[in-house]
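> Mind looking over this structure? Questions follow.
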Amino acid sequence: MQAFLKGGTSISTKPLKEKTATSSASGSDGKKPKPVPWVEKYRPKCVDEVAYQEEVVAVLKKSLEGADLPNLLFYGPPGTGKTSTILAAARELYGPELFRQRVLELNASDERGIQVVREKVKNFSQLTVGGSRLDGKPCPPFKIVILDEADSMTSAAQAALRRTMEKESKTTRFCLICNYVSRIIEPLTSRCSKFRFKPLADGIQRQRLVDICKKENVNITNEAISRLVEVSEGDLRKAITFLQSATRLTAGKEVTDIVVTEIAGVIPKDTLNSVLAACQSGLFEKLETVVMSLINNGHAATQLVNQLHDIILERQDLTDKQKAAITEKLAEVDKCLVDGADEYLQMLSLFAVVMQQMTQNS
Ligand SMILES: Nc1ncnc2c1ncn2[C@@H]1O[C@H](COP(=O)(O)OP(=O)(O)O)[C@@H](O)[C@H]1O
Ligand SMILES: [Mg+2]
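Below you can see the structure in the form of structure tokens.
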């Protein structure tokens, strides 16, 4: 216990340092950007700062006030605050000193096979802990094991976890985080309170981005912010990362929606229109040159599949049947691309179907 306390005090200066670093960075006119990714710099520090996920925040706040914490399962799309929320909650529960002793965080980059679950996680969860912090404030008498990206754990490792989870419920709470709840085995999901993290609403994302721009003195147009929100599809991490890249690229000049489009790798509307025009022409040679130029311009086929999907759905000149045929092909191409198929051939085959459907119409 003594060593445990000493360890705590020696680390305790660290969070303070971090704080001064960030505040001085934001005050430095954004001239010499500190090498901190903005996603980390603007990660919510406490549960209240987590935007939009009201249910989770409400439950966590209750347990921060002293109620017991259930085992948790957070799921939802990337960049919606899952990791940030539990880290912030743990930090509030234990304070910076105890945090390292009380919280075991394992994510996909750590070894989490069945062996680790049997040894590391089990040993950690078996330790009992007291109910007060170094500064005398009460804190819950349990530890937290965070298993981030739990959907990448093998089902054997997940199975090994269930007994530990039950047996050590006196001393440990688990927080599983994943994108796809269906990849977590049923016995585990039924032991946890499930919380779905929603993709962030556009307004909330805007607000966050505007705040960051203000703090970093970024000169940005309104359209650029809208574009950021649009391309990131509810993933705030993506939006913030794009914003930082765009700011680097323009180096002090105004960030416009054109820059954002370029950074995000979105295929410009004109390019897509010319591709569809080629499809409509019914000439295969034309199609071939268009696809070649897509490849030469470095556009990614997966991006094309995503954008084409939206466009096809909105087109008035296609019947439902034609749309169905095209979207089925889109799905097939998407799967092939995931499996590592050749981009050129896949695009050609996709557009061949589009062409077939479009020319049938006339
Ligand atoms: N609900 C949210 N409230 C505030 N910031 C958020 C929220 N969701 C995501 N972010 C921002 O996105 C970044 C990544 O969030 P993170 O919690 O790692 O997402 P994930 O759900 O993928 O674990 C954070 O650093 C934070 O800046
Ligand atoms: Mg995460």
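Convert by adding 1 to the 1-based position in the sequence shown; the result is the number in our numbering. Built from N, CA and C at the ideal position, the CB exists for glycine as well.
Run the CB neighbour count on arginine 113, radius 10 Å, all protein chains shown included, and call it buried at 16 or more, exposed below.
buried
> Could you give the first and the last residue of the continuous alpha helix (DSSP H) run that contains serine 126?
123-127
> If you drop the 5 nearest sequence neighbours on each side, which residues of the same chain put their C-beta closer than 6 Å to that of phenylalanine 352?
Cys280, Leu288
> Check whether the region 242-250 touches the region 45-60, counting contact only when three or more Cβ pairs, one atom from each stretch, lie closer than 8 Å.
no
> Starting from phenylalanine 196 and walking both ways along the beta strand (DSSP E), at which residues does that stretch end?
194-197
> Just to confirm the assignment: which complete beta strand (DSSP E) runs, minimum length 3, are found wholly within the region 88-173?
104-107, 144-148
> Measuring CB atoms only, is the region 216-233 touching the region 259-273, in the sense that at least three cross pairs come out at less than 8 Å?
With a cut-off of 8 Å, the region 259-273 and the region 216-233 count as touching, because enough Cβ pairs lie within range.
> If we ignore side chains and look at the alpha-carbon of each, how far apart do lysine 254 and alanine 225 end up?
The straight-line gap from Cα to Cα measures roughly 13 Å.
> Given a cut-off of 8 Å on the beta-carbon distance, is the pair histidine 310 and leucine 338 in contact?
no
> From isoleucine 87 to isoleucine 147, what distance separates their C-alpha atoms?
8 Å
> Excluding the five sequence neighbours on either side, which residues of its own chain have a C-beta within less than 6 Å of the C-beta of glutamine 159, listed in chain order?
Around glutamine 159, the same chain offers Ile186, Leu189 as residues with beta carbons nearer than 6 Å, after the five sequence neighbours per side are excluded.
> Select from Glu169, Leu277, Glu329, Ala151 the residue whose C-alpha is nearest the C-alpha of lysine 400.
There is simply no residue 400 to check, as the chain begins at 2 and stops at 363 in what is shown.
> Roughly how many angstroms lie between the CA atoms of glutamine 127 and leucine 107, to the nearest whole one?
Approximately 17 Å, taken between the alpha carbons.
> Relative to the C-alpha of asparagine 223, which residue among Val276, Arg207, Arg174 is closest?
The shortest Cα separation from asparagine 223 among Val276, Arg207, Arg174 belongs to Arg207.
> Please go through the same chain and pick out, in chain order, the residues whose beta-carbon is closer than 6 Å to the beta-carbon of isoleucine 221, but skip the five residues on each side of it.
Cys214, Val256
> Using 8 Å as the threshold, is the region 134-144 in touch with the region 94-106, meaning 3 or more CB pairs across them?
Result yes; three or more Cβ-Cβ pairs closer than 8 Å.
> How big is the Cα-Cα spacing for proline 97 and leucine 135?
10 Å
> How should glycine 80 be labelled, buried or exposed, when 16 other C-beta atoms within 10 angstroms of its C-beta is the threshold for buried?
buried
> Using a Cβ-Cβ cutoff of less than 7 Å, which residues in the same chain neighbour alanine 161 once the five nearest sequence positions on both sides are dropped?
Ile115, Val118, Arg119
> When the Cα atoms are used, what is the spatial distance from aspartate 203 to arginine 174?
33 Å
> Which two residues bound the contiguous alpha helix (DSSP H) that contains leucine 273?
270-282 is the span of the alpha helix (DSSP H), which, as asked, contains leucine 273.
> Have a look at the DSSP bridge pairing and note the partners of tyrosine 76.
Cys179, Arg197
> Under 8 Å, do leucine 73 and cysteine 176 count as touching if we go by C-beta distance?
Cβ distance < 8 Å, so leucine 73 and cysteine 176 count as in contact.
> Quick check on the burial criterion: 16 or more other C-beta atoms within 10 angstroms. Buried or exposed for serine 25?
For serine 25, the predicted structure reports a pLDDT of 41, less than 50, and the residue's modelled location is therefore unreliable. A value from the coordinates is still provided. Classification of serine 25: exposed, given that the 10 Å Cβ count is below 16.
> Based on the DSSP output, what are the partners of isoleucine 226 in its beta bridges?
Paired residue(s): none; isoleucine 226 is not in a bridge.
> Apart from the five residues just before and just after leucine 349, which ones in its own chain have a Cβ nearer than 8 Å to its Cβ?
Leu288, Glu289, Val292
> Is glutamine 102 near ligand 1, going by C-beta to nearest heavy atom under 7 Å?
no
> Taking buried to mean at least 16 other C-beta atoms within 10 Å of its own C-beta, is glutamate 55 buried or exposed?
By the neighbour-count criterion, in which 16 or more other beta carbons inside 10 Å mark a residue as buried, glutamate 55 falls on the exposed side.
> Mind checking who isoleucine 221 pairs with in its DSSP beta bridge?
Val256
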